[in-house]
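Numbering (our numbering), first residue to last: 7 to 122.
Have a look at this one:
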């Protein structure tokens, strides 16, 4: 007998809860909540510095610096960090182009050759 009473009370609770939820959703649809969130600043990228050219036949120190995103006279550790960062993104085993990976390696070798 007590099991039937508990089951009945549970069914009534589910019914009343569902009725409450439906009414609350209808009320929210009619009166949406307006929240004023502070707008975040949108970063402005300087597209002037984007290198729009292709690869040169013989790589120069300038082009190597543009590929790695460092100064042509950067220190060896900066060159190695930039190379690692770019190769993680462009490695052929991860879907990158073998040609671009070869150019990245060539840029690193060219800059490393003349750096102490």
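We put the CB at the ideal spot given by N, CA and C, even for glycine. These numbers come from a predicted model, not from an experiment.
(1) CA-CA distance, residue 98 and residue 110?
(2) Taking the C-alpha atoms as reference points, what is the distance between residue 67 and residue 40?
(3) Counting C-beta neighbours from all protein chains within 10 Å, is the total for residue 54 16 or more, i.e. buried, or is it exposed?
(4) Tell me which same chain residues have a C-beta within less than 7 Å of the C-beta of residue 10, skipping the five on either side of it?
(5) Would you please state the rounded distance, in angstroms, between the beta carbons of residue 85 and residue 76? I believe it to be under 8 Å.
(6) Expressed to the nearest angstrom, what Euclidean distance is found between the alpha-carbon atoms of residue 16 and residue 28?
(7) How is residue 77 classed by DSSP in three states: helix, strand or coil?
(8) Determine the DSSP secondary structure at residue 26, reduced to helix, strand or coil.
(9) Select from 102, 91, 101 the residue whose C-alpha is nearest the C-alpha of residue 114.
(10) If you run the structure through DSSP and keep just helix, strand and coil, what is residue 38?
The answer reads as follows:
(1) Between residue 98 and residue 110, the C-alpha separation is close to 12 Å.
(2) Just so you know, the alpha carbons of residue 67 and residue 40 end up roughly 55 Å apart.
(3) Residue confidence is low: residue 54 scores 49 on pLDDT, short of 50, so the model does not pin down where it sits. No coordinate-derived value is stated.
(4) Within its own chain, no residue has a Cβ closer than 7 Å to the Cβ of residue 10 once the five positions on either side in sequence are excluded.
(5) Yes, residue 85 and residue 76 are in contact; Cβ-Cβ is about 6 Å, under 8 Å.
(6) Distance between the alpha carbons of residue 16 and residue 28 is about 18 Å.
(7) DSSP, reduced to helix, strand and coil, places residue 77 outside both helices and strands of the structure shown, so it counts as coil.
(8) In the structure shown, residue 26 falls within a helical segment according to DSSP collapsed to helix, strand and coil.
(9) Closest by alpha carbon: 91.
(10) In this structure, residue 38 counts as coil in the three-state DSSP scheme.
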